[in-house]
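To start, the structure itself, in structure tokens.
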Amino acid sequence: MSTEKMEFQTEVRDLLNLMIHSLYSNKEIFLRELVSNAADALDKRRFLSVSNAALLAVGTTLKIDIAVNTEGKIITIEDNGIGMNREDLISNLGTIARSGTKNFIKSLKENEQANVDLIGQFGVGFYSVFMVARKVEVLTMKAGESQGYLWTSAGTGDFEITEAPKQEVGTKITIYLKDDEESLEFANEWQIKSVIQKYSEFISYGIFFHPEPTKNDKGELEIQEPKRLNDKPALWRQSEKEVTEEQYKEFYSVVAHEGSEPAAWNHSHAEGSMEFWSLVYIPSKAPFNIWNNERAHGLKLYVKKVFIMDDCKELLPTWLRFVRGVVDSEDLPLNVSREILQSNKIITNIRKHVIKKVLDSLQQMADKDVEKYTEWWRELGAVLKEGFYMNWEHLDELKKLLRFRSTKTEGTGLISLSEYVSRMPETQKEIYYLIGDRKEGIDSNPLLEAFRSKGYEVLLMTDPIDEFMMSSLTEFSEKKFHDISRGDVDFEKTEDEKKAEESSKSEFKGLCEALQKTLDTDIKEVRISSRLKESPCCLVTSEDAMSSRMERMMEAMGQGKMEKSKRILEINPTHPICEMLKAKIDKAEDLEDWPKALYGQALLAEGSPLPNPSEYVQAINKLLARLAK
Ligand code: ADP
Numbered sequence: 090m091s092t093e094k095m096e097f098q099t100e101v102r103d104l105l106n107l108m109i110h111s112l113y114s115n116k117e118i119f120l121r122e123l124v125s126n127a128a129d130a131l132d133k134r135r136f137l138s139v140s141n142a143a144l145l146a147v148g149t150t151l152k153i154d155i156a157v158n159t160e161g162k163i164i165t166i167e168d169n170g171i172g173m174n175r176e177d178l179i180s181n182l183g184t185i186a187r188s189g190t191k192n193f194i195k196s197l198k199e200n201e202q203a204n205v206d207l208i209g210q211f212g213v214g215f216y217s218v219f220m221v222a223r224k225v226e227v228l229t230m231k232a233g234e235s236q237g238y239l240w241t242s243a244g245t246g247d248f249e250i251t252e253a254p255k256q257e258v259g260t261k262i263t264i265y266l267k268d269d270e271e272s273l274e275f276a277n278e279w280q281i282k283s284v285i286q287k288y289s290e291f292i293s294y295g296i297f298f299h300p301e302p303t304k305n306d307k308g309e310l311e312i313q314e315p316k317r318l319n320d321k322p323a324l325w326r327q328s329e330k331e332v333t334e335e336q337y338k339e340f341y342s343v344v345a346h347e348g349s350e351p352a353a354w355n356h357s358h359a360e361g362s363m364e365f366w367s368l369v370y371i372p373s374k375a376p377f378n379i380w381n382n383e384r385a386h387g388l389k390l391y392v393k394k395v396f397i398m399d400d401c402k403e404l405l406p407t408w409l410r411f412v413r414g415v416v417d418s419e420d421l422p423l424n425v426s427r428e429i430l431q432s433n434k435i436i437t438n439i440r441k442h443v444i445k446k447v448l449d450s451l452q453q454m455a456d457k458d459v460e461k462y463t464e465w466w467r468e469l470g471a472v473l474k475e476g477f478y479m480n481w482e483h484l485d486e487l488k489k490l491l492r493f494r495s496t497k498t499e500g501t502g503l504i505s506l507s508e509y510v511s512r513m514p515e516t517q518k519e520i521y522y523l524i525g526d527r528k529e530g531i532d533s534n535p536l537l538e539a540f541r542s543k544g545y546e547v548l549l550m551t552d553p554i555d556e557f558m559m560s561s562l563t564e565f566s567e568k569k570f571h572d573i574s575r576g577d578v579d580f581e582k583t584e585d586e587k588k589a590e591e592s593s594k595s596e597f598k599g600l601c602e603a604l605q606k607t608l609d610t611d612i613k614e615v616r617i618s619s620r621l622k623e624s625p626c627c628l629v630t631s632e633d634a635m636s637s638r639m640e641r642m643m644e645a646m647g648q649g650k651m652e653k654s655k656r657i658l659e660i661n662p663t664h665p666i667c668e669m670l671k672a673k674i675d676k677a678e679d680l681e682d683w684p685k686a687l688y689g690q691a692l693l694a695e696g697s698p699l700p701n702p703s704e705y706v707q708a709i710n711k712l713l714a715r716l717a718k
């Protein structure tokens with residue numbers, strides 16, 4: 090056969106034209122494309138040889154060999170995969186535009202300003218080599234045949250095919266690099282190795298780099314041993330039974346760059362309408378950047394074992410951003426872009442699957458090892474809590490995973506909601522909770538006094554996120570949540586208690602009015618409390634108002650100065666200070682600095698900042714000075 094010259098199909102020509110003049114910055118992807126084509130060809134040969142043993146002689150190792158000739162500016166990539174005959178070459182590398190190419194060209198035409206980023210978005214595969222090549226040769230022989238062919242093209246209008254001797258089945262691609270600086274970067278052993286290691290680390294066939302021969306002392310050329318570039322198995326593609334615990338842990342340190350051990354992991358393989366593997370790890374320690382604005386999402390995305398991207402945001406909700414691991418899809422195209430991922434059905438399905446697996450693993454850990462889970466919760470529970478105000482889908486699973494400190498937990502112990510409900514006294518109807526700024530202090534908040542004396546447990550929350558979380562958490566196990574700093578508490582009272590309360594109300598009416606008058610700018614109402622036992626007073630928020638903590642948070646988040654909602658001051662009629670003040674009112678005496686002092690006390694007792702500390706100190710000093718007289 091003499092050399093045949095053929096024209097590229099029009100669409101292919103348009104595409105090549107773009108490649109040749111491309112300004113696309115990510116030129117290295119041509120190596121990823123060629124190596125993954127080689128790996129596909131190896132897969133095909135192995136697969137076909139199962140039914141036709143003659144296609145693969147016993148003892149043949151399927152592999153990929155790469156070499157660089159720096160001086161000659163040449164790269165070669167060789168595989169002993171299925172190979173191509175004349176017809177294959179024409180249809181695969183010449184005339185038939187694949188669907189990816191068609192879409193690519195279509196977008197280009199729609200978008201006159203040829204956006205070079207488009208290259209990354211479409212399946213342009215083999216042709217991407219023309220971003221760096223002035224000429225490409227494909228020497229190939231198909232398995233089961235004995236004639237080799239050489240395909241040659243400069244990527245312009247046409248290509249040539251000629252018969253050519255080839256000893257072994259497979260394909261050898263020779264790339265003659267362009268003379269520009271960017272293309273010549275690839276005439277370099279180090280560069281090739283680093284790109285291969287980045288994208289093709291887990292390809293299951295050996296990828297060998299053949300260093301250039303070196304001259305010895307006598308000036309003779311010495312052949313160097315080839316070096317294997319990828320020696321890690323794609324652990325996630327193995328069955329769970331084949332992988333040891335040690336291997337799982339070792340792989341975690343590779344994917345998560347983490348020295349500590351993972352708290353748990355889940356390995357799964359989904360088959361059916363779509364096929365993918367996932368190996369996800371739950372760290373035991375919070376990753377260092379977990380609270381950064383530019384926070385990393387830990388899953389790596391692979392397609393057919395080829396690395397696509399780190400931190401694939403589309404695979405995880407932000408409230409699971411601590412998860413690390415790998416997802417490998419068999420169905421996505423290699424050149425899938427972030428834009429495509431956002432609205433991709435395959436990704437949506439994988440994401441659902443991953444979320445379920447992570448939540449299941451956490452629940453299993455919680456069921457199996459309370460101590461371990463409690464420790465995990467301390468590290469990362471606050472991130473999980475974000476799940477409550479960012480989605481409505483997984484609330485039931487998330488509620489079961491919540492842990493809290495409470496007025497009855499001891500030391501570092503935490504309680505789950507179902508434990509809380511199971512130990513509620515019969516008379517208790519709601520789940521009580523209190524949110525505070527700091528761990529210290531919240532325990533001695535006066536609001537807790539009556540609950541303690543009644544034997545009612547109160548959940549204590551001090552994470553900044555708690556306020557937001559509780560706005561979506563309304564009930565658990567048919568019990569409503571009740572913020573004890575809000576509104577009134579409806580304790581079941583005995584007849585005697587009711588009578589005592591009624592009489593205090595009328596006896597203390599004058600004091601309440603007098604306090605209200607002086608504190609009017611800050612306080613909406615002063616009333617008798619049924620929740621105080623030891624303290625003289627406390628502040629509560631009315632049912633419909635925004636809490637003062639939320640107001641401060643909104644301000645801190647740049648929402649501008651919030652108009653403060655006035656709060657309610659409750660006083661304890663059995664406390665000596667209140668009795669003394671009532672006596673003053675009865676005798677028509679002035680309350681002097683007492684209202685300011687009481688209000689300041691109430692703020693301090695709940696851990697809130699004083700709006701005017703010096704005014705408070707002056708008030709206290711005056712009262713103390715009077716005692717000293
Ligand atoms: P894709 O790999 O996405 O199909 P490419 O443009 O990269 O697109 O390749 C086109 C076709 O050329 C492949 O589908 C394959 O049939 C063939 N091909 C490319 N490289 C090789 C190779 N190394 N060995 C055998 N066939 C190959």
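Its first residue numbered 90, the sequence shown is counted upward by one per residue in my numbering.
For each residue, glycine too, the CB sits at the ideal point set by N, CA and C.
(message) So, at 8 angstroms on beta carbons, what are the nonlocal neighbours of C667 in its own chain, with the 5 sequence-adjacent residues on each side left out?
(response) F597, L600, P625, C626, I660 and N661
(request) Measure the CB-CB distance between Q491 and L506 and report whether it falls below 7 angstroms. (result) The sequence as given places Leu at residue 491; Gln does not occur at that position. Contact: yes.
(request) Helix, strand or coil for V147, going by three-state DSSP, please let me know. (result) coil
(request) Take the Cβ of G387 as the centre, count every other Cβ of all protein chains shown within 10 Å, and call the residue buried at 16 or more, exposed below. (result) buried
(message) For G148 and S235, what's the separation of their Cα atoms in angstroms?
(response) 20 angstroms
(message) Taking its Cβ as the centre, do 16 or more other Cβ atoms sit within 10 Å of H346, making it buried, or is it exposed?
(response) exposed
(request) Tell me whether V139 is buried or exposed, calling it buried when 16 or more other Cβ atoms sit within 10 Å of its Cβ. (result) exposed
(message) Output needed for E311: all residues of its chain with C-beta closer than 7 angstroms, excluding positions within five of it in sequence on either side, in chain order.
(response) P302, T303 and N305
(request) Measure from the alpha carbon of T263 to the alpha carbon of each residue in I163, L608 and E564, then state which is nearest. (result) I163
(request) From the DSSP output, in three-state form, read off T92 for me. (result) coil
(request) Tell me whether the beta-carbon of I109 lies closer than 7 angstroms to the beta-carbon of F248. (result) no
(message) Checking the sheet assignment: what are the DSSP bridge partners for G237?
(response) M230
(request) Check the C-beta distance from N534 over to E695 and give it rounded, since I have them as a contact under 8 angstroms. (result) 5 angstroms
(message) Quick check: the Cα distance between Y265 and Y294, rounded to an integer number of angstroms?
(response) 25 angstroms
(message) Could you tell me the alpha carbon to alpha carbon distance between A203 and K116, rounded to whole angstroms?
(response) Its pLDDT being 47, under 50, A203 is placed unreliably in this model, and the value from its coordinates should be taken loosely. A203 and K116: Cα-Cα distance of roughly 17 angstroms.
(request) Please classify M173: is it buried, with 16 or more other beta-carbons within 10 angstroms of its beta-carbon, or exposed? (result) buried
(request) For A714, collect the residues of the same chain with a Cβ closer than 7 angstroms to its Cβ; drop the 5 residues on either side in sequence, then sort them by chain order. (result) none
(request) Look at I153 and I296 and say whether their C-beta atoms are less than 7 angstroms apart. (result) yes
(message) What residue range does the beta strand (DSSP E) around S367 cover?
(response) F365 to P372
(request) Using only alpha-carbon positions, find the residue among S217, T260, G576 and E350 that is nearest to M230. (result) T260
(message) Within a Cβ cutoff of 8 angstroms, which residues of the same chain sit near E590, ignoring the five residues on either side of it in sequence?
(response) K582, I617 and S619
(request) Taking the CB atoms as reference points, tell me whether S593 and L548 lie closer together than 7 angstroms. (result) no
(request) Spell out a yes or no on whether the stretch 449 to 456 and the stretch 412 to 428 are touching, meaning 3 or more CB-CB pairs, one atom from each, closer than 8 angstroms. (result) no
(request) Could you spell out where the beta strand (DSSP E) holding R121 opens and where it closes? (result) No beta strand (DSSP E) contains R121, which is instead part of the alpha helix (DSSP H) from I118 to S140.
(request) Measure the Cβ-Cβ separation of N319 and E278 and say whether it is below 7 angstroms. (result) no
(request) Please confirm if L680 has its CB atom under 7 angstroms from at least one CB of chain D. (result) The displayed structure is made up of one protein chain only, and chain D is not part of it.
(message) Closer than 6 angstroms to a non-hydrogen atom of ligand 1 - does that hold for the CB of G170?
(response) yes
(request) Spatial neighbours of W408 within its chain, please: CB distance less than 7 angstroms, with the 5 preceding and 5 following residues excluded, ordered by chain position. (result) V472, L473, E475, G476 and M479
(message) Short of 7 angstroms in beta carbon distance, which residues of its chain neighbour E201, apart from the five on each side in sequence? Order them along the chain.
(response) With a pLDDT of 47 at E201, under the threshold of 50, the modelled position of that residue is not reliable, and the figure given next carries that caveat. Answer for E201: no residue qualifies.
(message) Could you compute how far the alpha carbon of D389 sits from the alpha carbon of L537?
(response) Correcting the residue type first, residue 389 is Lys in the shown sequence and not Asp. Answer to the nearest angstrom: the Cα atoms are 47 angstroms apart.
(request) Take S125 as the anchor and find which of Q336, L273 and E419 has the nearest alpha-carbon. (result) E419
(request) Please say whether E464 and I436 have beta carbons closer to each other than 7 angstroms? (result) no
(message) If I measure Cβ to Cβ from E176 and keep anything under 7 angstroms in the same chain, skipping five residues before and after, which residues do I get?
(response) none
(request) Compute the minimum distance between the beta carbon of F219 and the heavy atoms of ligand 1, and state whether it is under 6 angstroms. (result) no
(message) Taking its Cβ as the centre, do 16 or more other Cβ atoms sit within 10 Å of P406, making it buried, or is it exposed?
(response) buried
(message) Restricting to Cα atoms, I'd like to know which of L368, L144, Y216 and V459 is closest to Q336.
(response) L368
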